[in-house]
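Working notes, structure below.
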C-alpha cells in the first residue's frame with residue numbers, strides 16, 4: 026500500500042482558480058470598493074478571509090452577488106490582497122504597506138496582518 | 140496514513156486551464 030503525494034497539487038489548483046477568475050468563469054460575486062469592481066469566487070474569498078467567511082455563511086447574505094466594502098477601504102490594498110488569495114504572493118510596496126495592512130485587518134486576514142507588522146518592524150531604520 | 144509508504148510526485152498533478160481558449 027502506498028500514497029502518492031503530488032507536491033504541486035495545491036499550487037496547480039490555485040493557478041487554475043486564478044485562470045478562471047481572469048476569464049470570469051464561474052465567478053459568483055462582485056466586490057465593490059469605492060468605485061472599483063472586482064469579480065471573484067465566493068469560496069476562495071471565504072477560504073482566505075474571516076470577514077467573507079462570516080458574510081457568506083450567513084443564510085441571509087450567502088446569495089448576494091454584490092458586496093460593498095466600507096468606503097474607507099483602499100481599492101489598491103484590496104486588489105493586492107485579492108491577488109494574494111489567488112496566487113499566494115503578497116506584493117508589498119512601501120507606499121501601500123499601511124493600506125494593505127489596514128485592508129487585511131478589515132478583511133480579518135490575521136496572518137497577513139502579522140506578516141505586514143513584521144515587515145514594517147524589520148524595515149524601520 | 141501512518142505506516143503507509145508515501146511517494147512524493149514532484150511533477151504537475153492536473154491540467155492547466157489556459158489563459159483563453
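Protein chains in written order, with this note's numbering: chain A, 26 to 150; chain B, 140 to 160. From the three backbone atoms N, C-alpha and C, an ideal C-beta is built for every residue, glycine too.
Residue range 144-148 is occupied by the beta strand (DSSP E) that includes residue 147/B.
Listed along the chain, the chain B residues whose CB falls inside 8 Å of the CB of residue 30/A are 145, 146, 147, 148.
Within 10 angstroms of the beta-carbon of residue 75/A lie fewer than 16 other beta-carbons, which makes it exposed.
The straight-line gap separating the alpha-carbon atoms of residue 40/A and residue 155/B is approximately 8 Å.
Judged by beta-carbon spacing, residue 58/A lies within the 8 Å limit of residue 94/A, meaning their Cβ atoms are closer than that value. C-alpha of residue 48/A to C-alpha of residue 132/A: approximately 25 Å in a straight line. Between the C-alpha atoms of residue 146/B and residue 149/A there is a straight-line separation of about 44 Å. According to the DSSP secondary-structure assignment, residue 64/A is paired through a beta bridge with 55/A. The alpha-carbon separation between residue 138/A and residue 127/A amounts to approximately 8 Å.
By the Cβ test, the region 116-127 of chain A is not in contact with the region 60-77 of chain A, since fewer than three Cβ pairs between them sit closer than 8 Å.
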